[in-house]
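One structure is given here, and the rest of the page talks about it.
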Amino acid sequence: MKKAVYPGSFDPPTLGHVDILRRAAGLFDEVIVAVGANTAKKPMFSLEERVAMLQEIVAELPNVQVLPFDGLLVNFATQHDASAVIRGLRAVSDFENEFQMALANRTLAPNLETVFLMTSAEVMFVSSSIVKEIASLGGDVSGLVPKNVAARLMRMREGS
Ligand code: COA
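Under the numbering used here, residues 11 to 170 are what the sequence shown spells out, in order.
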């Protein structure tokens, strides 16, 4: 059975993430969305909220589960018998950072492959930061995030 881990901070999940997730679910028998904390980032949504949003999103994908993780990604992947790490590539600007992460992870776990999937052109410009900025300034993010995420962003803006 081919199992993959799709890690990220998902703060919040976007349609770009969903696009990659659907592609990964079609390629692997099982996909674990690993929701982590990038220690360099201060998240808008708590870990629990990010996991909950993703669980709602993957309800339609039977071979995908969502789990929180901390510590090293390679340890999480090994503990879950995953043979691959999925990362989405949007533009050349993603490449350098992703290349560095993939090589660092390979040094730590030589048998764990990083598999890059190309994001759809329509969502190539989307990032979690752009979504948060537009939402906080009262803009419409319905074309950038799944419905449940748009609803949460709206509730957050209204302060409830
Ligand atoms: N569509 C839309 N946006 C995408 C995307 C896609 N397909 N793919 C990435 N992004 C965006 C994210 O929204 C995020 O945007 P932001 O910077 O505006 O928040 C950005 O690209 C990168 O975020 P993400 O994919 O979540 O990665 P990350 O760099 O925040 O987190 C971890 C990466 C959690 C996987 C990494 O930090 C990690 O592995 N941590 C564990 C510790 C570890 O093992 N360290 C050693 C690894 S080198």
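Virtual Cβ for every residue (Gly too), placed ideally from N, Cα, C.
Here the structure is a predicted model, which means the values were calculated and not measured.
Residue i in three-state terms, based on DSSP
i	result
Glu70	helix
Phe109	helix
Glu58	helix
Met63	helix
Glu40	strand
Cβ neighbour criterion (16 or more within 10 Å) applied to residue i
i	result
Met11	exposed
Arg167	exposed
Ser139	exposed
Leu31	buried
Ala35	buried
Phe105	exposed
Phe109	exposed
Met63	buried
Val155	buried
Arg162	buried
Ala101	exposed
Phe188	Given a span of 11 to 170 for the chain in the structure shown, any question on residue 188 remains unanswerable.
Gly171	Any question about residue 171 goes unanswered here, given that the chain covers just 11 to 170.
Asp80	exposed
The beta strand (DSSP E) enclosing residue i, as first and last residue numbers
i	result
Thr24	Thr24 -> no beta strand (DSSP E), and no H or E assigned at all.
Val125	123 to 128
Ala94	94 to 99
Ala47	Counting along the chain, Ala47 falls outside any beta strand (DSSP E), and DSSP gives it neither H nor E.
Val155	Unbroken run through Val155: none, as it is neither H nor E.
Ala14	13 to 18
Enclosing alpha helix (DSSP H) for residue i [first to last residue]
i	result
Glu143	138 to 146
Phe86	83 to 89
Within-8 Å CB hit, residue i to chain D
i	result
Arg32	Here chain D cannot be found, since the structure has a single protein chain.
Note to self: If contact is defined by three or more beta carbon pairs under 8 Å, each pair taking one atom from either stretch, is the segment 54 to 65 in contact with the segment 87 to 94?
What the structure shows: The segment 87 to 94 makes no contact with the segment 54 to 65, as fewer than three CB pairs between them are under 8 Å.
Note to self: Could you check whether the segment 79 to 90 touches the segment 118 to 127, counting it as contact only if at least three pairs of C-beta atoms, one from each stretch, sit closer than 8 Å?
What the structure shows: Enough Cβ pairs lie closer than 8 Å, so yes.
Next item on the list: Please confirm if the segment 144 to 163 is in contact with the segment 36 to 48, defined as three or more CB-CB distances below 8 Å between the two stretches.
Entry: When C-beta atoms of the segment 144 to 163 are compared with those of the segment 36 to 48, fewer than three pairs fall below 8 Å, so the two segments do not count as touching.
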